[in-house]
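What follows is a set of notes on a single structure, which appears directly below.
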Amino acid sequence: MTAQHAIHRFRRDLTVASLLRGLLVGTAVMCLLVGPRLGQRFDHVLVLTVIGAVWLVLSFRSAKGSRLAAASPSLIAAGEFEAAERQIDQALRSFSLFRTAKLLSLHHLAVLRHAQRRWQDSALLCRALLGQRLGGLQSLSKPARLILADALLEMGDVGGAYQAIQGLYRHRLSLAEVLNLQLVQLDYQSRVGAWGQMFSQVMSKVQLAELMPATSAARCQALLALAAQKLGRNDWVDWLRRRAELLADAEKLVEEKPLLGGLWEGRVEAPVVPVAGA
Amino acid sequence: MPPEFLDVPTLLESSMPRPRINWFLYGLGTFLLIVLAAALLGRQSQTMNQLVQDASRLAMILLMGGLIFATVFVVRRHRAEQQRIEGVSELVQLRRWEQAAMLLGAILSRPARSHALRGQALIYLASLLARYHRFADAIAVQNHLLENELVDPPTAYGLKLGRAMAMLREDHLFDADRAISELRRAGGGEDSAGLTLIEIYRDVKTGHPAEAIALFEGKLRVLRDNLGHRVADAYALAARAYDLLGQENEARAAFAKATLLSPPGELYRRYPEVEKLAARFTPEPAPAEAA
């Protein structure tokens, strides 16, 4: 499913569900208020029962969609992208009376496209999601902004990424979100050459990097090493670079962030595997 | 006598969710009573019949409103408890052990709102107890979680890894070996960094350094990709294994890498066997602000 198609379907389904909800609630209220005055000709209890039954059936169908949506994050985390795609596709195509299942499915699709490194699709989906009234799912706005900022940085839209990051400072972030924000922020600052800001409170940033998965921890410390290099803090450059080398392959880090090439210029790579004879 | 800090039997008992009152039967009984009373009153006169109908509509609206209010109230309380447990998780990750222990003690000293929330809190209790070197207590909590099937299969695998590590620390080598075999049979052994780390530790502890090194060298990439900074543990154990084989250069190199990624004190606390290297090898120097 393309991002545009998913967004189109998502908006259409939200409109249909909202109209249907309005129709059912409106009819129920009218039955309660006007029904008794119409006398024997109109059996308002029967109509209310039918509305209740329709609501229940549609709620069960919506719950099925929510279950489908809930299964995809673990599949994405496990790298099973095809299975996740199928799951999200089903969730987006299934009818839901409530907004939450649809919003969650769209968010999961944005996460999946981000994991697949399809930056443009991911950014489009995040923008569509953030353009919606999230209500009870307001907490989705934070990961969506982080994904959007990262996708925009990968696409070279530094200004857009700044706007996305700015929106996050108004929220209280969880530890996982703080870690993601640090990585995105360092990437952004390295692109605009804000070396001083990158290096300020370096030890706190290093401690947070230690909580990240291997590749993110390596990238984070490599970016800090680059900032230290630009600021002439050679004691930190060596320490941070060697830590990054132990957590990920330098070639891969440079391939993903060519800016980091300066850290390994003119250096002979030490093989990470195995340690024997190192 | 003051109660013991994080007393496991007390916390296991006090955190049990309260048995649910079956409100459905009470509600059904009340509803039948109201219907009977309304039918009897409605037969008395036309005015009474009209009054009963109006009262029924009002009762229906009040019931719907009450149900919505009750649902919102229950969901909010459930969410608040979940946030407290997520708070413990963050404190554990940030290594603020004392604060995490205090919060966890407070959470578990009252009945949990659900078995799932209690299960989550007990997982953090087990890791905290291991941090405080109370391995027997940690094993008791892990056994409780596994025997009562309070966790899903992937979490159970992680718990079994933690339990095997605690058994090694308690010198229950036979039990640990059996637990490792079980984990290997359970699948995922080939690519499980956690299991590999435990096997390396077992080999170092039982005096099989060559096997430990073979595992370390063969699986370093898996260890690095999955453990992140905790790959320092594997380097530290490998350093001890090289040392046991008399390969001093390799031991020094592995020790340097371990201490580059993790403070030496933390490594000695996790693996007392590694502390024997402290007198002979110098930890990797860090910048002044980081030291």
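In the order they appear, the protein sequences are chains A and B. Under my numbering, the first residue of the first sequence is numbered 1, with each subsequent residue one higher. Under my numbering, the first residue of the second sequence is numbered 1001, with each subsequent residue one higher. We treat Cβ as the ideally placed atom computed from N, Cα and C, and that holds for glycine. This structure is a prediction, so every number in the text was calculated from the model and none was measured.
Inset, instruction - Identify, in the order they occur along the chain, each residue of the same chain with its Cβ nearer than 6 Å to the Cβ of Val268(A), setting aside the five sequence neighbours on each side. - result: Only weak support exists for where Val268(A) lies, its pLDDT of 46 falling under 50; the coordinates are left without a value.
Legend entry - Nonlocal neighbours in the same chain, by C-beta distance under 7 Å from Glu1211(B), ignoring five residues either side: Asp1203
Inset, instruction - Can you grab the Cα-Cα spacing for the pair Cys126(A) / Leu14(A), in whole Å? - result: 16 Å
Legend entry - Own chain partners of Val272(A) with C-beta closer than 6 Å, once the 5 adjacent residues on each side are dropped: With a pLDDT of 46 at Val272(A), under the threshold of 50, the modelled position of this residue cannot be trusted; read the value that follows with caution. So no residue of the chain qualifies.
Inset, instruction - Take the Cβ of Ala1055(B) as the centre, count every other Cβ of all protein chains shown within 10 Å, and call the residue buried at 16 or more, exposed below. - result: If you draw a 10 Å sphere on the C-beta of Ala1055(B), you find fewer than 16 other C-beta atoms in it, and that means exposed.
Inset, instruction - State the Cα-Cα distance for the pair Gly136(A) and Leu1058(B), rounded to the nearest angstrom. - result: 29 Å
Inset, instruction - Could you tell me the boundaries of the alpha helix (DSSP H) in which Gly1207(B) lies? - result: Element bounds for Gly1207(B): n/a, residue is neither H nor E.
Legend entry - Residue of Ala77(A), Ala70(A), Thr100(A), Ala78(A) minimising C-alpha distance to Ile88(A): Ala70(A)
Inset, instruction - Output the residue ranges of the alpha helix (DSSP H) runs that lie fully inside the segment 1230-1275 of chain B and measure 4 residues or longer, sorted by chain position. - result: Positions of the alpha helix (DSSP H) runs, each at least 4 residues long and wholly inside the segment 1230-1275 of chain B, are given as 1231-1244, 1248-1261, 1264-1270 in order along the chain.
Legend entry - Cβ-Cβ distance between Ala110(A) and Ser122(A) below 8 Å: yes
Legend entry - Cβ neighbour criterion (16 or more within 10 Å) applied to Val16(A): exposed
Inset, instruction - Could you have a look at Val57(A) and say whether DSSP puts it in helix, strand or coil? - result: Val57(A): helix per DSSP, three-state reduction.
Legend entry - Minimum Cβ-Cβ distance from Trp236(A) to chain B less than 8 Å: Interface criterion met: the Cβ of Trp236(A) is under 8 Å from a Cβ in chain B.
Inset, instruction - With 9 Å as the C-beta to C-beta threshold (strictly closer), list the residues of the segment 244-267 of chain A near chain B in chain order. - result: Leu246, Leu247, Ala248
Inset, instruction - Out of Leu246(A), Trp236(A), Phe98(A), state which residue places its alpha-carbon closest to the alpha-carbon of Leu58(A). - result: Of Leu246(A), Trp236(A), Phe98(A), the residue nearest in Cα terms is Phe98(A).
Legend entry - Interface flag, Pro213(A) vs chain B, CB-CB below 8 Å: yes
Inset, instruction - For Glu85(A), count neighbouring C-beta atoms within 10 Å of its own C-beta (all shown protein chains included) and say buried if the count is 16 or more, exposed if not. - result: buried
Inset, instruction - Given a cut-off of 8 Å, decide if Leu1197(B) and Leu1173(B) are closer than it, judged by their beta-carbon atoms. - result: No, they are not a contact pair.
Legend entry - Inter-residue spacing [alpha-carbon to alpha-carbon] between Gly167(A) and Ala149(A): 10 Å
Legend entry - 8 Å contact criterion, which Ala217(A) and Ala209(A) should meet: CB distance rounded: 5 Å
Legend entry - chain A within 8 Å of Glu1266(B), Cβ atoms only: no
Legend entry - CB of Trp1097(B) within 8 Å of CB of Leu1129(B), strictly: no
Inset, instruction - Closer than 7 Å, Cβ to Cβ, to anything on chain B: give me those residues from the segment 65-83 of chain A, in chain order. - result: So the list is empty, because no residue satisfies the distance condition.
Inset, instruction - Throw me the rounded Cβ distance for the Ile7(A) and Ala28(A) pair, which I believe falls under 8 Å. - result: Between Ile7(A) and Ala28(A) the beta-carbon gap is near 32 Å, outside 8 Å, which marks them as no contact.
Legend entry - CB-CB length for Leu1227(B) against Ala1253(B), believed under 8 Å: 19 Å between Cβ atoms; not a contact.
Inset, instruction - Identify the contact partners of Asp974(B) in chain A, using a Cβ-Cβ distance below 7 Å as the criterion. - result: The requested residue 974(B) is not part of the displayed model; chain B covers only 1001 to 1291.
Legend entry - Exposure label - Asp1191(B); buried when at least 16 CB within 10 Å: By the 16-neighbour rule on beta-carbons within 10 angstroms, Asp1191(B) is exposed.
Inset, instruction - Can you tell me which of Arg242(A), Lys252(A), Tyr188(A) puts its alpha carbon nearest to the alpha carbon of Tyr162(A)? - result: Tyr188(A)
Inset, instruction - State buried or exposed for Thr1282(B), treating a residue as buried only when at least 16 other CB atoms are found within 10 Å of its CB. - result: exposed
Legend entry - Complete alpha helix (DSSP H) runs within the segment 1020-1099 of chain B (minimum length 4 residues, chain order): 1023-1044, 1046-1093
Legend entry - Contact with chain A by Leu1260(B), beta-carbon distance below 8 Å: Chain A, which has a Cβ nearer than 8 Å to the Cβ of Leu1260(B), makes this yes.
Legend entry - Buried/exposed call for Lys1257(B), threshold 16 Cβ in 10 Å: Counting other Cβ atoms within 10 Å of its Cβ, Lys1257(B) reaches 16 or more and is therefore classed as buried.
Legend entry - Three-state secondary structure assigned by DSSP to Pro1154(B): helix
Legend entry - Minimum C-alpha distance to Phe1024(B) - residue among Arg1184(B), Leu1145(B), Leu1032(B): Leu1032(B)
Legend entry - Rounded straight-line distance, which links the Cα of Leu1244(B) to that of Glu1250(B): 11 Å
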